[in-house]
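Scroll down for the structure; my scribbles are underneath it.
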Amino acid sequence: MPEPVDAWWARRRWSRGLDVPYPVGAYREAWASFPVLIRQYHPEFNRGITLTQVPPAADVFLTWQCDTGHVFVATPEEQRMRPGRERRRSSWCPECAEAAAPRTPVLPMADQVRWPGASPLVAGPVAGAPTPAARGLAPGSPSSPSGSPRPRRGARDGMPASRGTARDRRGKDGTPSPAPRAVRDPAPVADPPVARTRRSPGVCGRTPDVPVGEPFASACAPPPASAVEERLRQELAARLEHTPGLNAVRLARPFFEHLEAWPDILLAELRVAVEYDSTGRHGLEHVGRREEADRRKDRALRAAGWEVVRIRTGKLPPLGPYDLCVSGLTRGTVDLLLDRLREIRGPFLVDAYLREPPVADADADADATAASG
6 MPEPVDAWWA RRRWSRGLDV PYPVGAYREA WASFPVLIRQ YHPEFNRGIT LTQVPPAADV
66 FLTWQCDTGH VFVATPEEQR MRPGRERRRS SWCPECAEAA APRTPVLPMA DQVRWPGASP
126 LVAGPVAGAP TPAARGLAPG SPSSPSGSPR PRRGARDGMP ASRGTARDRR GKDGTPSPAP
186 RAVRDPAPVA DPPVARTRRS PGVCGRTPDV PVGEPFASAC APPPASAVEE RLRQELAARL
246 EHTPGLNAVR LARPFFEHLE AWPDILLAEL RVAVEYDSTG RHGLEHVGRR EEADRRKDRA
306 LRAAGWEVVR IRTGKLPPLG PYDLCVSGLT RGTVDLLLDR LREIRGPFLV DAYLREPPVA
366 DADADADATA ASG
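Numbered according to this note's numbering, the sequence shown spans residues 6 to 378.
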């Protein structure tokens, strides 16, 4: 159970036997990818303890203050997992998030504007609603909303008889009467329809029926929204030949209601997906729950026979064995990416798709030409 910061700090001092159980800067790298939380945290609100002294998994209540001025209490895990599907700066504060997405108001005259049966709160007739007689229905008919259903014949207490246990029909003299023709000659039972394999209703049906791991051009894939991502795509295309126009990979299992994944860049010949990750304008991207979604996406792509290389910026930690942690897109980023591709698929396969030969090979060709001349 979470405890106040002073009680938590005293308990850690006792358990570790140190006056300062966690030195300043011990968890600097763990909090480096959350610039918004670094701004929201104030040591004066938390007994002088800095954020770099708090483990991300600590079960302790910390006091935070958003840019608007709202002061609230939350655990480190709650703050790190707070960004959801909404890309708003207000996602980091519960009060700002409530103000940005208010609840749906309730109509004050709901009992007069709703039809009977539209809501369990409305039980009586509504003024202006057509009566059963006006709609051509008898008061006791089954289609009438106010008419009670007639009890089935064969029930002594007025309740419907259970299936298959109806009483025998008898005549006036008490002898059993013959059953109706419909009972004597039951209708032939039709053959059950052939079960067809179909997708779950929650899965998009626009994914083409291609083998798992096959790249294709998807109509559901969102257009690229990052200028840096487009620049990386152009610089990589200038150095490495690959099939353009592919933006999706067929998966074996649904991933967010789709049987496909949409990496930033697809190298179909190498079966490698390239992702460019940054924290974004408000520090919401690829952290918290979005980081868990990135891990799920990488697992799904690897299960389909692909490898993933993520270019991580903004002090984001690596998620996979081949991820690159860089400050941003620079001149040497593409060279580092090509080296990663050589580690994954081998230099002979990667160099075969280069638009220009490697520097070492070019120098060797030049020396051979000079020697022959």
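Where a beta carbon is used, it is the ideal one built from N, C-alpha and C, also for glycine.
The three-state reading of DSSP puts Asp214 in coil, since its state is none of H, G, I, E or B.
Minimum Cα-Cα distance from Val25 among the listed residues Ala35, Tyr32, Trp14 and Arg33 corresponds to Trp14.
Excluding its 5 nearest sequence neighbours in each direction, Val339 has C-beta neighbours in its own chain below 8 Å: Leu237, Glu240, Leu241 and Arg244, listed in chain order. Taken in chain order, the unbroken stretches of beta strand (DSSP E) that lie wholly in the segment 271 to 303 and span 3 residues or more are 277 to 282.
Check the Cα spacing between Ile316 and each of Ser332, Arg304 and Ala266: the tightest is with Ser332. In the DSSP annotation of this structure, the continuous segment of the beta strand (DSSP E) that includes Gln70 starts and ends at Leu67 to Gln70.
The secondary-structure analysis by DSSP pairs Val314 across a beta bridge with Val279. Nearest to Pro60 by alpha-carbon distance, out of Thr212, Leu271 and Gly30, is Gly30.
Per DSSP, the unbroken beta strand (DSSP E) holding Arg255 starts and ends at Ala253 to Arg255. Taking the Cα of Leu321 as reference, the smallest distance to any Cα among Thr284, Tyr27 and Ala308 is reached at Thr284. Setting aside the 5 residues that flank it on each side, Gly310 is surrounded in the same chain by Gly218 and Arg276, each with a C-beta closer than 7 Å to its C-beta; the list follows chain order.
By the beta-carbon neighbour count (other beta carbons within 10 angstroms, threshold 16), Asp214 is exposed.
Judged by their CB atoms, Phe260 and Ala253 are not nearer to each other than the 8 Å cut-off.
In the structure shown, Phe77 falls within a strand segment according to DSSP collapsed to helix, strand and coil.
Note that the C-beta distance between His291 and Asp282 is below 8 Å.
One alpha carbon belongs to Ala12, the other to Trp97, and they sit about 26 Å apart. Residue environment for Phe39: buried (at least 16 other C-beta atoms within 10 angstroms of its C-beta). In this chain, the alpha helix (DSSP H) harbouring Phe353 covers Pro352 to Asp356. With fewer than 16 other Cβ atoms from the protein chains shown falling within 10 Å of its own Cβ, Asp72 counts as exposed. Secondary structure of Phe50 (DSSP, three-state): helix. 8 Å or more divides the Cβ of Val10 from the Cβ of Leu56. Under the three-state reduction of DSSP, Pro259 is assigned to coil, being neither helix nor strand.
In the structure shown, the three-state DSSP call for Pro220 is strand. In this model, His75 and Glu297 are separated by some 28 Å (Cα to Cα). With fewer than 16 other beta carbons inside 10 angstroms of its own, Ala230 counts as exposed. Ala15: member of the alpha helix (DSSP H) spanning Val10 to Arg21, first to last residue. Only residues of its own chain outside the window of five on either side were considered, and among them Val277, Ala278, Val279, Glu280, Gly325, Tyr327, Asp328, Leu329, Leu342, Arg345, Leu346 and Ile349 have a CB closer than 8 Å to the CB of Val314, listed in chain order. Between Trp69 and Tyr46 the beta-carbon gap is near 6 Å, inside 8 Å, which marks them as a contact.
Ala266 is bridged by DSSP to Val254.
Around Arg211, the same chain offers Ala224 and Cys225 as residues with beta carbons nearer than 7 Å, after the five sequence neighbours per side are excluded. With fewer than 16 neighbouring CB atoms inside 10 Å of its own CB, Glu361 falls in the exposed class.
Judged by DSSP secondary structure, Ala102 falls within the alpha helix (DSSP H) whose first and last residues are Pro99 to Ala105.
DSSP places Leu245 within a strand segment (E or B) once states are collapsed to three. With respect to the C-alpha of Ala305, the residue from Pro268, Pro28 and Arg85 having the closest C-alpha is Pro268.
The C-beta of Ala105 has fewer than 16 other C-beta atoms within 10 Å across all chains shown, which makes the residue exposed.
For Val41, the enclosing alpha helix (DSSP H) covers residues Pro40 to Gln45.
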